[in-house]
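Report on one structure; see the data block that follows.
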Amino acid sequence: MSDYADNDYAMALGKEVAIADVDKELRLLWEEDKASTNASLINLAVYSEQKGAIIKNSERVQIITREHACRAILIGIDRNNPDASIRAWITAHCHLSHGRKSVCCEQIAFQLTGKSTGRLRNTVFSHLNSDLPLVFWWQGELSSLFSERLYSLIDRFIFDSSEWANPLESYGCIGEAMQSEQSLLPMDIEWTRSSQIRMAVAGLFDDPMAANALQHMNELRVVVHPKHRMAGLQLVAWVIQRTGWKQSKELPLGSDNGDIYHYETTEGSDVVVTIVTDPLSAPVGIMEFKSANCEVRVTRDAGSPYIRQELHAGSHQIERCTPSNSDDSADLVMNQLSRGGNNSLYRAVMPDFLELLGGELGCGCEVEDV
Amino acid sequence: MNNPFRKDLESRSRPEACTVVIFGATGDLTHRKLIPALYNLQVEGALPAGVKIIGFARREKSDEEFRSGLEEVNKKVSRSGHDDSIWADYAENIHYHQSEFQDASGYKRLAERLDEIDRERGGNGHRLFYIASAPEYFDDILENLKEAGINRNKKGFWSRVIVEKPFGTDLPTAKHLNQVVNKTFRERDTYRIDHYLGKETAQNIMVLRFANAIFEPLWNNRCIEQIQITCSENLGMEGGRGAYYDSAGAMRDMVQNHLLQLLSLVAMEPPTDLSADGVRDEKVKVLRSLRQWDTPELVADNVVRAQYIAGHVDGENVVGYREEDRVDPESMTESYVALRVLVDTWRWSGVPFYVRMGKQLPKKATEISIHFKEPPTVLFNALSGGVPGGNVLVIRIQPDEGISLRMVSKIPGSSLRMEPVKMDFHYATSFGKGSPEAYERLLLDSMAGDATLFARRDEVEEAWKFIDHIHHAWHQSKLPPVMSDYVAGTWGPKEADDLLGKNGHKWRRL
Numbered sequence: 004m005s006d007y008a009d010n011d012y013a014m015a016l017g018k019e020v021a022i023a024d025v026d027k028e029l030r031l032l033w034e035e036d037k038a039s040t041n042a043s044l045i046n047l048a049v050y051s052e053q054k055g056a057i058i059k060n061s062e063r064v065q066i067i068t069r070e071h072a073c074r075a076i077l078i079g080i081d082r083n084n085p086d087a088s089i090r091a092w093i094t095a096h097c098h099l100s101h102g103r104k105s106v107c108c109e110q111i112a113f114q115l116t117g118k119s120t121g122r123l124r125n126t127v128f129s130h131l132n133s134d135l136p137l138v139f140w141w142q143g144e145l146s147s148l149f150s151e152r153l154y155s156l157i158d159r160f161i162f163d164s165s166e167w168a169n170p171l172e173s174y175g176c177i178g179e180a181m182q183s184e185q186s187l188l189p190m191d192i193e194w195t196r197s198s199q200i201r202m203a204v205a206g207l208f209d210d211p212m213a214a215n216a217l218q219h220m221n222e223l224r225v226v227v228h229p230k231h232r233m234a235g236l237q238l239v240a241w242v243i244q245r246t247g248w249k250q251s252k253e254l255p256l257g258s259d260n261g262d263i264y265h266y267e268t269t270e271g272s273d274v275v276v277t278i279v280t281d282p283l284s285a286p287v288g289i290m291e292f293k294s295a296n297c298e299v300r301v302t303r304d305a306g307s308p309y310i311r312q313e314l315h316a317g318s319h320q321i322e323r324c325t326p327s328n329s330d331d332s333a334d335l336v337m338n339q340l341s342r343g344g345n346n347s348l349y350r351a352v353m354p355d356f357l358e359l360l361g362g363e364l365g366c367g368c369e370v371e372d373v
Numbered sequence: 010m011n012n013p014f015r016k017d018l019e020s021r022s023r024p025e026a027c028t029v030v031i032f033g034a035t036g037d038l039t040h041r042k043l044i045p046a047l048y049n050l051q052v053e054g055a056l057p058a059g060v061k062i063i064g065f066a067r068r069e070k071s072d073e074e075f076r077s078g079l080e081e082v083n084k085k086v087s088r089s090g091h092d093d094s095i096w097a098d099y100a101e102n103i104h105y106h107q108s109e110f111q112d113a114s115g116y117k118r119l120a121e122r123l124d125e126i127d128r129e130r131g132g133n134g135h136r137l138f139y140i141a142s143a144p145e146y147f148d149d150i151l152e153n154l155k156e157a158g159i160n161r162n163k164k165g166f167w168s169r170v171i172v173e174k175p176f177g178t179d180l181p182t183a184k185h186l187n188q189v190v191n192k193t194f195r196e197r198d199t200y201r202i203d204h205y206l207g208k209e210t211a212q213n214i215m216v217l218r219f220a221n222a223i224f225e226p227l228w229n230n231r232c233i234e235q236i237q238i239t240c241s242e243n244l245g246m247e248g249g250r251g252a253y254y255d256s257a258g259a260m261r262d263m264v265q266n267h268l269l270q271l272l273s274l275v276a277m278e279p280p281t282d283l284s285a286d287g288v289r290d291e292k293v294k295v296l297r298s299l300r301q302w303d304t305p306e307l308v309a310d311n312v313v314r315a316q317y318i319a320g321h322v323d324g325e326n327v328v329g330y331r332e333e334d335r336v337d338p339e340s341m342t343e344s345y346v347a348l349r350v351l352v353d354t355w356r357w358s359g360v361p362f363y364v365r366m367g368k369q370l371p372k373k374a375t376e377i378s379i380h381f382k383e384p385p386t387v388l389f390n391a392l393s394g395g396v397p398g399g400n401v402l403v404i405r406i407q408p409d410e411g412i413s414l415r416m417v418s419k420i421p422g423s424s425l426r427m428e429p430v431k432m433d434f435h436y437a438t439s440f441g442k443g444s445p446e447a448y449e450r451l452l453l454d455s456m457a458g459d460a461t462l463f464a465r466r467d468e469v470e471e472a473w474k475f476i477d478h479i480h481h482a483w484h485q486s487k488l489p490p491v492m493s494d495y496v497a498g499t500w501g502p503k504e505a506d507d508l509l510g511k512n513g514h515k516w517r518r519l
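Residue numbers (the numbering used here), protein chains in the order written: chain A, 4 to 373; chain B, 10 to 519.
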């Protein structure tokens, strides 16, 4: 916190208030502004252990509240600081709804230092809006604070597996949490990154010629940015889970710049599946299926707002562009929140994905009292 | 052909790539609604790849001229804005087909064109015919489609038709239209579009009733005193609408279709499943249960018709209905109608449904209000003045879509004073993202073969049966009920207030 002046916090997070006065100050905030409507459909907690992230997260919440009315609770924690402290700020993010009404969402920001030792639960979660679901966006590596005492309070748990140094271990922790809390819904931002690609692929396979060719494919190639290998693996897992393709050789055959897998389709075609990493690629740059008579390709250039869909089957050609997801994490979270549901597809794909990821799952996290 | 990638990707039936043929392609509906709806589906990535659009109309136009006219309007009206790159790809699949609606050779050429598109697709393809022309051409279009053989389903491929309202002008014409349609397309391939059913709030009626456990136990004559359905418009006959409207009137234009559809959603029993026929079976039972106002006396007692006279709307002077452009100066067409409707079922026995629709009213609003019975006259209701107003659940269809619930609360203070308070849910406030246009949902549903939000033949005919009795009393009886009037910019004629006053009820103030 020392990297930021108090002024930076005040500018970004609003009015600093005593912890005991958060509710009272929020009430005063609304009493002062009778023209605005306070709206909230969810509690959105955004958690980060990265210094200064709380300021950036306030900007992200400003974006998210345009479409998702919520009570936002920002949590910044510096666990390495030997002094235990906690500070709080309140503000509201307001937007003109359909050019008429000013709709505002409350935000409470907490900055903690030192070991949590129960303060996160006791202080932060006592400010949830009752009866509304808690969506918890965990940024960065899972730490020892990710424990049963935390996730038992959560309805939807948002994380970004592309940020993990050891995905196997972190997925192991998520898996344990899901077993322990059946109602916990995991939402991986990395999975959302490829959602428009999946839509585009599915759209092309609506075409009867592409659908006929699916089980005669010989090649599936996915090109991803090196930071987004997880997205590539998830896409391949999605394909094999949906098509019923079976692994035909030992897994995995990795190479320096990608992964190679061998599958057999239900019609007996051998398919070589490659995930190629390219530093110039968009998070997911290419997903391409090839058979003797048909090519189905979905591409996106780095930074482009469009996805290109192509189908080539003899004289039958389809080419069109559709909008792509933004790469911004706030937009991706908005996208996830818009979808709602129980994320059944992600859950269905998980076993194949974890198999592709290889190795033994296991949560090695030491647990700390939240 | 099964596409495994669609499974679990979206919680809706899967739309299939097809060729959409729009009859009446140069009209307003095509330009302002259909093409922008399909464009927005493409923007959302929801339009199946390979969808082709053929505009069929009488005027001479090239593909380029047709596309350019559509683009100009799309730039103005598209919900998601206009993106040149996406439009360019989208427009490549739009073509124009010039033919008179009565010219059989035009349909033969259309058949060849469709076959050519199918050949490019590798064999056969699905076809969706959208009849957006003036109603007088419906018969010609349907018969010529049949004559040209392009109505037939090919093995594994469907041909469907979407018919725009009006579905006839009375029961005999509706039956005739249905016969013509069903001679050409099977009922299961016929989609009668009522865009009100595509609105989010209309779809939310079923969710509100059947996904919440608290409402259904109260949804009956033991707890509900009356139900009101209001559709008010603050417009008159602008844009040359007078000619059409004067031949239709409020009852045919709005009540027969939109408002009776809303009524049936409110009054229906829980369906056994969410299939199209499961839902529509229950809706048609409501329409069959409507008590028929089948004598002029019953019509006079239960229905009010009126025309507006000169007044002020939104601060502007407006002329009376009979002075409007293209309206007969001696017109006997109603610009306002209010009805007391009784649904003779166990659930609704004795509960009046008041339905009103009017032009040149103070504001634009469509809503359903459920008025619950007052509490027993003991405790608070026994005090002087009683309880101030019963509970009212309001479902706002448009604009400002949402739901509110009025209840009574104590005013803070040492004395016991009570006031009604309102819990209010606004779609726009809670869900910042705009709702899709009704046509987007309905077009996608028709490509997916999901007819839940479309009117079935028997629904249309039952609705006309109810309306026809009233029309007969108005226009063919020896002693027709009077035509009242109301000043433009007011909430309708006094007789409409009296209609409710007889039962001790009042119109809800919007």
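C-beta: ideal position from N, C-alpha, C; glycine also.
Nothing here was measured: the structure is a model prediction, and the numbers come from that model.
Quick one: which residues of the segment 118–146 of chain B get their C-beta closer than 7 Å to a C-beta of chain A? List them in chain order. So the close ones are E129, R130, G131.
Please confirm if A/M353 has its CB atom under 9 Å from at least one CB of chain B. Mapped onto the first sequence, residue 353 of chain A falls at position 350. Chain B contact via Cβ: absent.
Using the Cα positions of B/I171 and B/H91, report the straight-line distance between them to the nearest angstrom. Numbered from 1 along the second sequence, position 162 holds the residue referred to as residue 171 of chain B. Numbered from 1 along the second sequence, position 82 holds the residue referred to as residue 91 of chain B. Cα atoms of B/I171 and B/H91: separation of roughly 26 Å, rounded to the nearest angstrom.
Under a Cβ-count criterion, where at least 16 other Cβ atoms within 10 Å of its own Cβ denotes burial, should B/D262 be classed as buried or exposed? Counting from 1 along the second sequence, the entry for residue 262 of chain B is found at position 253. Its Cβ being crowded by 16 or more others within 10 Å, B/D262 is buried.
Does chain B have any CB closer than 9 Å to the CB of A/D331? Position 328 of the first sequence, counted from the first residue, corresponds to residue 331 of chain A. For A/D331, the answer is no, since every Cβ of chain B falls outside 9 Å of its Cβ.
C-beta atoms of B/Q316 and B/S493 nearer than 9 Å: Position 307 of the second sequence holds residue 316 of chain B. Position 484 of the second sequence holds residue 493 of chain B. Yes. Within cutoff.
In the segment 39–94 of chain A, which residue ranges form an unbroken beta strand (DSSP E) of at least 3 residues, counting only runs that do not cross its ends? For secondary structure counted as the beta strand (DSSP E) over 3 or more consecutive residues, the segment 39–94 of chain A holds these complete runs in sequence order: 45–51, 73–81.
Is there a C-beta anywhere in chain B that falls below 9 Å from the one on A/F356? As a working note, residue 356 of chain A is residue 353 in the first sequence. No, A/F356 lies away from the interface with chain B (no Cβ there is under 9 Å from its Cβ).
So, using beta-carbon positions, are A/I161 and A/W141 closer together than 9 Å? One-based indexing of the first sequence puts residue 161 of chain A at position 158. One-based indexing of the first sequence puts residue 141 of chain A at position 138. Yes, Cβ-Cβ distance for A/I161 and A/W141 is below 9 Å.
Could you tell me whether any Cβ in chain A is nearer than 9 Å to the Cβ of B/A52? For this step, residue 52 of chain B is matched to residue 43 along the second sequence. At residue 52 of chain B the sequence reads Val, which differs from the Ala that was named. Yes, B/V52 counts as interfacial toward chain A.
Out of A/Q114, A/V301, A/D330, A/I278, which has the shortest C-alpha to C-alpha gap to A/L359? As a working note, residue 359 of chain A is residue 356 in the first sequence. For A/L359, the closest of A/Q114, A/V301, A/D330, A/I278 by C-alpha to C-alpha distance is A/I278.
Which of the three DSSP states, helix, strand or coil, is assigned to B/Q456? Here the question's residue 456 of chain B lines up with position 447 in the second sequence. The question names Gln, but residue 456 of chain B is Met in the sequence shown. For B/M456, the secondary structure class from DSSP, reduced to helix, strand or coil, is helix.
Let me make sure I understand the geometry here. Which of B/Q407, B/K85, B/A285 has the alpha-carbon closest to that of B/E376? By one-based count along the second sequence, residue 376 of chain B stands at place 367. For the residues B/Q407, B/K85, B/A285, the minimum Cα distance to B/E376 belongs to B/Q407.
Report the start-end ranges of each beta strand (DSSP E) in the segment 114–161 of chain B that is 3 residues or longer and not cut off at the edges. For the segment 114–161 of chain B, the continuous beta strand (DSSP E) assignments of 3+ residues that do not extend past its boundaries occur at 135–140, in sequence order.
Which term fits A/Q114, buried or exposed, when burial requires 16 or more other beta carbons within 10 angstroms of its beta carbon? In the first sequence, counting from the first residue as 1, residue 114 of chain A sits at position 111. It is buried - the Cβ of A/Q114 has at least 16 other Cβ atoms within 10 Å.
Taking 9 Å as the CB-CB cut-off, is B/P421 touching chain A? For the purposes of this step, residue 421 of chain B is taken as residue 412 along the second sequence, with counting starting at 1. It does not: the Cβ of B/P421 has no partner Cβ on chain A nearer than 9 Å.
Cutoff 9 Å: B/P24 Cβ touching any chain A Cβ: Residue mapping note: residue 24 of chain B aligns to position 15 of the second sequence, counting from 1. For B/P24, the answer is yes, since a Cβ of chain A falls inside 9 Å of its Cβ.
Reducing DSSP to helix, strand and coil, say where B/K163 ends up. Translated into positions along the second sequence, residue 163 of chain B becomes position 154. Residue state, collapsed to three classes: strand.
Cβ closer than 8 Å: which chain B residues qualify as neighbours of A/H319? As a first step, residue 319 of chain A must be located in the first sequence, where it is residue number 316. Those are E129, R130, G131, listed as they occur along chain B.
Within chain A, partners of B/L453 - CB distance below 8 Å: Within the second sequence, the letter at position 444 stands for residue 453 of chain B. Within chain A, no residue comes near B/L453; the closest Cβ sits about 12 Å away, beyond 8 Å.
If we ignore side chains and look at the alpha-carbon of each, how far apart do B/D148 and B/L269 end up? For the purposes of this step, residue 148 of chain B is taken as the residue at position 139 of the second sequence. For the purposes of this step, residue 269 of chain B is taken as the residue at position 260 of the second sequence. Between B/D148 and B/L269, the C-alpha separation is close to 26 Å.
Let me make sure I understand the geometry here. Which of B/E306, B/Q301, B/F389, B/T386 has the alpha-carbon closest to that of B/V352? Here residue 352 of chain B corresponds to residue number 343 of the second sequence, with the count starting at 1. Considering only alpha carbons, the answer is B/Q301.
Should B/E333 and B/M456 be called a contact, given that it needs their Cβ atoms to be closer than 9 Å? Counting from one through the second sequence, the residue named residue 333 of chain B turns up at place 324. Counting from one through the second sequence, the residue named residue 456 of chain B turns up at place 447. Cβ distance not < 9 Å, so B/E333 and B/M456 don't count as in contact.
If you draw a straight line from the C-alpha of B/T281 to the C-alpha of B/L296, how long is it? For the purposes of this step, residue 281 of chain B is identified with residue 272 of the second sequence, where counting begins at 1. For the purposes of this step, residue 296 of chain B is identified with residue 287 of the second sequence, where counting begins at 1. Rounded to the nearest angstrom, the two C-alpha atoms are 18 Å apart.
Is there a C-beta anywhere in chain B that falls below 9 Å from the one on A/Q185? Within the first sequence, numbered from 1, the residue matching residue 185 of chain A stands at position 182. A/Q185 does not count as touching chain B.
Using a C-beta to C-beta distance shorter than 7 Å, which residues of chain B count as neighbours of A/F208? Indexing the first sequence from 1 puts residue 208 of chain A at position 205. What A/F208 touches in chain B: N12, F14.
Checking contacts by CB at 9 Å: is A/C324 closer than that to chain B? On the first sequence, position 321 is the one that residue 324 of chain A refers to. Under the Cβ distance rule, A/C324 counts among the residues neighbouring chain B, one pair being separated by less than 9 Å.
Could one say the Cβ of B/E80 lies closer than 9 Å to chain A's Cβ atoms, at least one of them? In the second sequence, residue 80 of chain B corresponds to position 71, counting from 1. With 9 Å as the cut-off, B/E80 does not count as an interface residue toward chain A.
Cβ neighbours of B/R356 in the same chain (closer than 6 Å, five flanking residues each side left out): As a working mapping, residue 356 of chain B is identified with position 347 in the second sequence. The answer, listed in chain order, is N229.
Residue range of the unbroken beta strand (DSSP E) whose run includes B/I171: Translated into the one-based positions of the second sequence, residue 171 of chain B becomes position 162. Run containing B/I171: 168–172, per the beta strand (DSSP E) assignment.
Does any C-beta atom of chain B lie closer than 9 Å to the C-beta of A/K249? Against the first sequence, residue 249 of chain A aligns to sequence position 246. No, A/K249 lies away from the interface with chain B (no Cβ there is under 9 Å from its Cβ).
Which term fits B/E574, buried or exposed, when burial requires 16 or more other beta carbons within 10 angstroms of its beta carbon? Here chain B covers residues 10 to 519 and nothing more, so residue 574 of chain B does not appear.
Report back the beta-carbon spacing between B/E339 and B/N49 to the nearest angstrom; my notes put them in contact at under 8 Å. Start at 1 with the first residue of the second sequence, and residue 339 of chain B comes out as number 330. Start at 1 with the first residue of the second sequence, and residue 49 of chain B comes out as number 40. For a cut-off of 8 Å, the C-beta gap from B/E339 to B/N49 is around 44 Å, too long to register as a contact.
Across which residues does DSSP place B/K419 in a beta bridge pair? Here residue 419 of chain B refers to the residue found at position 410 when the second sequence is read from its first residue. Paired residues: B/M427.
Below 9 Å between beta carbons: does that hold for A/P282 and A/H228? Reading the first sequence from its first residue, position 279 is the one you call residue 282 of chain A. Reading the first sequence from its first residue, position 225 is the one you call residue 228 of chain A. Contact flag set, yes.
Considering only the alpha carbon of each residue, which of B/E152, B/C27, B/S22, B/E471 lies closest to B/D290? What you label residue 290 of chain B is simply residue 281 of the second sequence in a count that begins at 1. Distances from the CA of B/D290 to each of B/E152, B/C27, B/S22, B/E471 were compared; the closest alpha carbon is that of B/E471.
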